[in-house]
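*Asks:*
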Amino acid sequence: MKTHWLIFLVLLLTCPAMATETITDKGEAEPPAAPPAAHDTKQIKETFESQTAKPFKLIGETVMPGTMKTLKWFSVQAPGGVTVGTPVIVINGTKPGPVLALTAAIHGDELNGIEIIRQVVHDIDPKKLKGVVVGVPIVNLEGFWRRDRYIGDRRDLNRYFPGNPKGSYPSRVAHALFTDIINPCDMLIDIHTGSFFRENLPQLRADLSVDQVADIAKSFGELTALQNTAPEGSLRSAATASGIPAVVMEIGGPLSLEPDKVTTGVKSIRTFLKNVGMVEKLKLLPTPQPVFYGSEWVRAEAGGILMNKVKLGASVKKGDLLAEIIDPVTNDVHQTLSPLNGTILGRAQNQFVSPGFAIFRVGIRHTPEELKEQNQKKTAGATE
């Protein structure tokens, strides 16, 4: 179905061009990506109306049209010989359409996505669904039980996709998930939160230089969107490389459930389901999607206790006070001021920080031309 699902989309919004930075495993910010090429957004006609949905098969089970079923996915045998099945919720509609995968808690301490998937899947009426929704609310059960970001051997599962059946432990788990669950799907929404005591304004991250990704990325309504190239080894990267367009939804921070941010995520996915035609769409005027053509990190210039002075989503001007960093011994206060005009898209939670720690991500509304010129200046004269 990977080559046919696009026929099913009803595209109402124009494709936004966006750019941002990303944080690597080591906490380093990567430079912003170049803006994507212009995208053709002509409307695609519906062709499935006269067809009938078929039974959907996944991990050896069959889900009949118009039903919901919870399956158990077994990946790699855990230490001690104990293997616990990961719940997989499958909803097969009564009419054909795309197969959408929803994943959360690849990092076991990221809880908001679990609740988002619970609310989304249990709100869907299988009798009114076109296509199939496959929900895996807790990918990393081991990390979830320990309230830990990492998989059992202390490695980041989201750097090992698409995996290797003969590789390391996380590589084998990644291979099993990708082969058994993701590969049969047509598109993917992978839900995350900020990491290491950082929190993110609810936002979508997508590589809009890929046409199929651009097609689905504009269907989330009011959700803030950032152009972002997926990190190597991430589920999003592996899926897109395999012809399964994928986006990441970033919602809040780790180790807590944030009802207001969960509500935003649920609303955005419901809007997506309506805009791609999988559920009935209300005839409402679309709300413009907030988009950013660039972002920059503001880093701590002193060590001590971080005390935030601005909220997520706040508009700031150059010179505005973002935070104070207080020395716990001398009581000296270092003020962190905004180096530019923009919007707070991410921030570190109040904590002890060291110099160089990324504490704020400020979104910048560059035009594509301004961003291109800025990138050219940064790369002029650079050597490998």
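In this note's numbering, the protein residues as written are 619 to 1002. Glycine included, each C-beta is placed from N, C-alpha and C at the ideal position. In this text, all values refer to a predicted model and were calculated from it rather than measured experimentally.
1) Can you give the Cα-Cα distance for V916 and F975, rounded to whole angstroms?
2) Can you list, in chain order, the residues of its chain whose CB lies under 7 Å from that of L689, leaving out five sequence neighbours each side?
3) S837: buried (16+ other C-beta within 10 angstroms of its C-beta) or exposed?
4) Give the straight-line distance between the Cα atoms of K892 and E942, rounded to the nearest whole angstrom.
5) To test your reading of the DSSP string, which unbroken beta strand (DSSP E) runs of 3 or more residues are found completely within the region 684 to 767?
6) Hey, would you say L930 sits closer than 7 Å to I962, going by beta carbons?
7) Where does N949 fall in DSSP's three states?
8) With distances taken Cα to Cα, identify the nearest neighbour of P788 among L775, S860, R854, G711.
9) Can you tell me which of A671, V971, V738, F796 puts its alpha carbon nearest to the alpha carbon of G921?
10) Is DSSP giving D808 helix, strand or coil here?
11) Measuring alpha carbon to alpha carbon, tell me which of A932, G937, W691, P973 ends up nearest R965.
12) Give me the Cα-Cα distance between R765 and L873, rounded to the nearest whole angstrom.
13) Is it the case that the region 841 to 855 contacts the region 817 to 833, given that we only count it when at least three CB pairs across the two stretches are under 8 Å?
14) Who does S913 pair with in a DSSP beta bridge?
15) Is the number of C-beta pairs between the region 806 to 815 and the region 854 to 867 that are closer than 8 Å three or more?
16) Whole angstroms is fine: what's the gap from E728's alpha carbon to T858's?
17) With three or more beta-carbon pairs closer than 8 Å as the criterion, would you say the region 707 to 727 touches the region 741 to 758?
18) What would DSSP say about V884, mapped onto helix, strand or coil?
19) Is the separation between the beta-carbon of T811 and that of I735 shorter than 7 Å?
20) Look up A976 in the DSSP assignment and say whether it is helix, strand or coil.
21) Relative to the alpha-carbon of T721, which residue among V754, T889, W763 has its alpha-carbon at the smallest distance?
22) Tell me the residue span of the alpha helix (DSSP H) that contains L853.
23) Considering just the uninterrupted stretch of the alpha helix (DSSP H) at L795, what are its terminal residues?
24) Among the candidates V694, Q953, H725, whose CA atom is the shortest distance from the CA of D798?
25) So for Q969, helix, strand or coil by DSSP?
26) By DSSP, does K879 sit in helix, in strand, or in coil?
27) According to DSSP, is V866 helix, strand or coil?
28) DSSP state of A941, grouped into three classes?
29) Only counting the same chain, and skipping five residues up and downstream in sequence, which positions put a Cβ closer than 7 Å to that of V951?
30) Look at the alpha carbon of L939 and the alpha carbon of A832, and state the distance between them as a whole number of angstroms.
31) Going by alpha carbons, who is nearest to Q821 out of G770, V880, F815?
32) Whole angstroms are fine: how far does the CA of S956 sit from the CA of Q661?
33) To which residues of the same chain is W691 closer than 7 Å at the C-beta, ignoring the five residues directly before and after it?
34) Among the candidates I756, A792, K687, K784, whose CA atom is the shortest distance from the CA of H740?
*Replies:* Result, derived from the coordinates:
1) Looking up residue 916 in the sequence shown gives position 298. Looking up residue 975 in the sequence shown gives position 357. Taking the straight line from one Cα to the other gives about 9 Å.
2) Taking the first residue of the sequence shown as 1, we reach residue 689 at position 71. So the qualifying residues of the chain are L676, I677, E679, V706, V708.
3) Sequence index remark: in the sequence shown, residue 837 carries index 219 (1-based). So S837 ends up on the buried side.
4) As a first step, residue 892 is located in the sequence shown; it is residue number 274 there, counting from the start. As a first step, residue 942 is located in the sequence shown; it is residue number 324 there, counting from the start. Taking the straight line joining both Cα atoms gives about 44 Å.
5) For the region 684 to 767, whole beta strand (DSSP E) runs of length 3 or above, ordered along the chain, are 685 to 691, 704 to 710, 713 to 722, 748 to 754.
6) Taking the sequence shown and counting its residues from 1, one reaches residue 930 at position 312. Taking the sequence shown and counting its residues from 1, one reaches residue 962 at position 344. L930 places its beta carbon less than 7 Å from that of I962.
7) Residue mapping note: residue 949 aligns to position 331 of the sequence shown, counting from 1. Secondary structure of N949 (DSSP, three-state): coil.
8) Along the sequence shown, read from residue 1 onward, the residue named residue 788 stands at position 170. Nearest of L775, S860, R854, G711 to P788, Cα basis: L775.
9) Residue numbering aside, residue 921 sits at position 303 when the sequence shown is read from its first letter. For the residues A671, V971, V738, F796, the minimum Cα distance to G921 belongs to V971.
10) Stepping through the sequence shown from its first residue, residue 808 is reached at position 190. In the three-state scheme derived from DSSP, where H, G and I count as helix and E and B as strand, D808 is classed as strand.
11) The residue you call residue 965 lines up with position 347 of the sequence shown. Here the closest residue by C-alpha is A932.
12) Working through the sequence shown from its first residue, we reach residue 765 at position 147. Working through the sequence shown from its first residue, we reach residue 873 at position 255. If I take the Cα positions, the gap works out to 7 Å.
13) Because the criterion of three Cβ pairs below 8 Å is met, the region 817 to 833 and the region 841 to 855 touch.
14) Locating residue 913 in the sequence shown gives position 295, where the first residue counts as 1. Note: S913 sits in a beta bridge opposite G981.
15) A contact exists between the region 806 to 815 and the region 854 to 867.
16) Counting from one through the sequence shown, the residue named residue 728 turns up at place 110. Counting from one through the sequence shown, the residue named residue 858 turns up at place 240. Roughly 23 Å separates the two Cα atoms.
17) Segments in contact, yes.
18) The sequence position of residue 884 within the sequence shown is 266, counting from 1. Helix at V884.
19) Here residue 811 corresponds to residue number 193 of the sequence shown, with the count starting at 1. Here residue 735 corresponds to residue number 117 of the sequence shown, with the count starting at 1. In this structure, I735 does not lie closer than 7 Å to T811 by Cβ.
20) One-based indexing of the sequence shown puts residue 976 at position 358. Residue state, collapsed to three classes: strand.
21) For the purposes of this step, residue 721 is taken as residue 103 along the sequence shown, with counting starting at 1. Comparing Cα-Cα distances from T721 to each of V754, T889, W763, the minimum goes to V754.
22) As a working note, residue 853 is residue 235 in the sequence shown. Counting along the chain, the unbroken alpha helix (DSSP H) around L853 starts and ends at 853 to 859.
23) Counting from 1 along the sequence shown, the entry for residue 795 is found at position 177. L795 -> alpha helix (DSSP H) spans 787 to 795.
24) Looking up residue 798 in the sequence shown gives position 180. Closest in alpha carbon position to D798, among V694, Q953, H725, is V694.
25) For the purposes of this step, residue 969 is taken as residue 351 along the sequence shown, with counting starting at 1. Looking at Q969 - three-state DSSP - the assignment turns out to be coil, as it is neither helix nor strand.
26) Within the sequence shown, numbered from 1, the residue matching residue 879 stands at position 261. DSSP places K879 in helix when its eight states are reduced to three.
27) Within the sequence shown, residue 866 is the residue found at index 248, counting from 1. Here V866 sits in strand by DSSP.
28) Residue 941 sits at position 323 when you count from the first residue of the sequence shown. Taken through DSSP and simplified to helix, strand or coil, A941 comes out as strand.
29) In the sequence shown, residue 951 corresponds to position 333, counting from 1. Contacts found: E942, I944.
30) Your numbering for residue 939 matches position 321 in the sequence shown. Your numbering for residue 832 matches position 214 in the sequence shown. Linking L939 to A832 through their CA atoms gives a straight-line distance of about 36 Å.
31) To locate residue 821, count along the sequence shown from 1; it is residue 203. The candidate whose alpha carbon is nearest that of Q821 is V880.
32) Residue 661 sits at position 43 when you count from the first residue of the sequence shown. Residue 956 sits at position 338 when you count from the first residue of the sequence shown. Here the model assigns Q661 a pLDDT of 33, short of 50, so the residue's position is not dependable and the matter cannot be decided.
33) As a first step, residue 691 is located in the sequence shown; it is residue number 73 there, counting from the start. Sequence-distant partners of W691 (beyond 5 residues in either direction) whose C-beta falls short of 7 Å from its own C-beta, in its chain, are I677, G703, T704, V706, D798, I799.
34) Counted from its first residue, the sequence shown places residue 740 at position 122. It is K687 whose Cα lies nearest to the Cα of H740.
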